[in-house]
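Under our numbering, the letters of the sequence shown match residues 1109 to 1563, in that order. A virtual CB, placed ideally from N, CA and C, is assigned to each residue, including glycine. On a predicted model such as this, the values are computed, not experimentally measured, just so you know. Structure first, commentary second.
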Amino acid sequence: MAACGPVRRSPPGTKDPRSSCRLAGLQVNYPWPLSVSAQCVQRPLGECLLYVLLFGNIETQVLTLKIANQLYQGTIFSALHRVSHICTPGSCRIRPSGPTNPFAITSPGVLCGRGVISGQGPWCQHGAVNRLQTGPVFPAIDEYKPQDATTNPSLILAAAQMPSYQELVEEAIAYGRKLGGSQEEQITNAIDKLFVLFGAEILKKIPGRVSTEVDARLSFDKDAMVARARRLIELYKEAGISKERILIKLSSTWEGIQAGKELEEHHGIRCNMTLLFSFAQAVACAEAGVTLISPFVGRILDWHVANTDKKSYEPQEDPGVKSVTKIYNYYKKFGYKTIVMGASFRNTGEIKALAGCDFLTISPQLLGELLKDHSKLTPVLSAKAAQASDLEKIQLDEKAFRWLHNEDRMAVEKLSDGIRRFAADAVKLERMLRVSAGATAGATVGTWAGGVMGG
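Written as structure tokens, this is what we have:
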């Protein structure tokens, strides 16, 4: 059973003399419901690269993949895997992702990798900007004509494994190789370049700004986050993109918030603070004067459902809705300019309960439900109503911040979990780039520090 079919040469005199690919066959054995898709992609020098995408439950299972009548078996740790199979005229060889596992492992749920774009929907009639949350190839951009967009490590990891984006991956690898240095330095530079390449592609489709995230593994190192953010902005500048079109995403740790403060005040770099779950985080971000915060609604609800006896909530009593409402009222009552962007919704009730919030991040599915709902939408949040709240202004230095945040068990657990997940995606992206660098050795002669590519 062949993976990529025989090479078919273009007719004499055609503009592109390279060979084309076709998918000839694939056999997958798996112990639970799984969907499989495969695509052959043309590469230089007549090579065909086969991408096999496997989507299924997030469980540890053993999967057997049969390519070219050879069996490959690996343990599945997540929802999406990629196997690269290079077919050249007269020969085929597997390029595994590791010494013992032929699969490139990515993050759970990455098929539904999140991105954010913004635009106005007919349901949004009272000034709040509706932001659409979409998948790794941004299929809704053309439909909804968004203003802004965001990326995150999971999204980049998912998109980087899609055949249509392999040119960006190869360009990033070539960039890292060109700068030289150790293998770690080359991979780091390649990842930075890849994030910027994806951001630049998105900016071609939107008039506003794109958010690009700093490596979550730097979440407790202020100086490293500042340096990495400035590096990303410099890469955008090299691509001809002004920093005014970029938001740098940072984890809302104390160090991340202080990094945001320095970037905003001293470098004119606007920041989007993510992984925000506590009131302490929100107050510290406001005091730091960052451009935007992304408090999560659905993840807060998830925690309460999993850790308390109450399993359902009316929208106004939803703990995530109450959290964002409190943050919004505090910001408006005391005149903070930081934008509140509610994110991570589980149902339309949560969205309606936050109507009037500055920005809302909404998935295509929930946006579709809202667009079908022709009932009148009444604004719930407003700057005027916020003035009547009984909130009192508080001051937070580092000690007070850490204590107040630590008192919120949910926020502590969700922040640490979010950082771990994004950090894991960063490690997987590094692994994927090393694998891809090895695959390019069949068509390009070059080296990574420490050895020949693909060796």
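Per DSSP, which residues does residue i bridge with? Please list them.
i            : result
residue 1451 : 1404
residue 1379 : 1356
residue 1384 : 1403
What residue range is occupied by the uninterrupted alpha helix (DSSP H) comprising residue i?
i            : result
residue 1357 : Premise fails: residue 1357 lies in the beta strand (DSSP E), 1354-1359, not in any alpha helix (DSSP H).
residue 1296 : 1291-1311
residue 1270 : Here residue 1270 belongs to no alpha helix (DSSP H), and DSSP marks it neither H nor E.
residue 1331 : 1330-1346
residue 1457 : 1456-1461
residue 1513 : 1506-1514
residue 1427 : 1427-1441
residue 1492 : 1491-1494
Less than 8 Å separating the beta-carbons of residue i and residue j?
i            : j            : result
residue 1273 : residue 1304 : no
residue 1364 : residue 1358 : yes
residue 1446 : residue 1405 : no
residue 1301 : residue 1316 : no
residue 1349 : residue 1308 : yes
residue 1391 : residue 1523 : no
residue 1513 : residue 1389 : yes
residue 1499 : residue 1444 : no
residue 1310 : residue 1257 : yes
residue 1463 : residue 1433 : no
residue 1386 : residue 1451 : no
residue 1525 : residue 1265 : no
residue 1267 : residue 1306 : yes
residue 1542 : residue 1362 : no
residue 1431 : residue 1393 : no
residue 1368 : residue 1396 : yes
residue 1411 : residue 1540 : no
residue 1314 : residue 1255 : yes
Cα-Cα, which of the options is closest to residue i?
i            : options                : result
residue 1371 : 1351, 1388, 1482, 1384 : 1351
residue 1494 : 1441, 1424, 1432       : 1441
residue 1422 : 1461, 1362, 1403       : 1461
residue 1327 : 1280, 1314, 1529       : 1529
residue 1436 : 1468, 1313, 1520       : 1468
residue 1483 : 1329, 1456, 1507, 1491 : 1456
residue 1564 : 1426, 1417, 1418       : There is simply no residue 1564 to check, as the chain begins at 1109 and stops at 1563 in what is shown.
residue 1325 : 1531, 1535, 1470, 1418 : 1531
residue 1544 : 1279, 1263, 1255       : 1279
residue 1465 : 1418, 1289, 1263, 1491 : 1491
residue 1535 : 1282, 1292, 1287       : 1292
residue 1520 : 1416, 1496, 1384       : 1384
residue 1312 : 1353, 1480, 1516       : 1353
Between residue i and residue j, which are expected to be in contact by the criterion C-beta below 8 Å, what is the C-beta distance as a whole number of angstroms?
i            : j            : result
residue 1458 : residue 1429 : 5 Å
residue 1333 : residue 1400 : Actually they are not in contact, since the Cβ atoms of residue 1333 and residue 1400 sit about 16 Å apart, beyond 8 Å.
residue 1537 : residue 1261 : 7 Å
residue 1322 : residue 1338 : Their Cβ separation, rounded to whole angstroms, is 10 Å, which puts residue 1322 and residue 1338 out of contact at 8 Å.
residue 1320 : residue 1382 : Wrong, their Cβ atoms sit about 12 Å apart, outside the cutoff.
residue 1454 : residue 1409 : 6 Å
Does the beta carbon of residue i come closer than 8 Å to any beta carbon on chain D?
i            : result
residue 1260 : Structure shown: chain D not included; a single protein chain is present.
Examine the ligand COA and report whether any of its heavy atoms sits within less than 7 Å of the Cβ of residue i.
i            : result
residue 1431 : Ligands are entirely absent from the displayed structure, and the ligand COA is therefore not among its contents.
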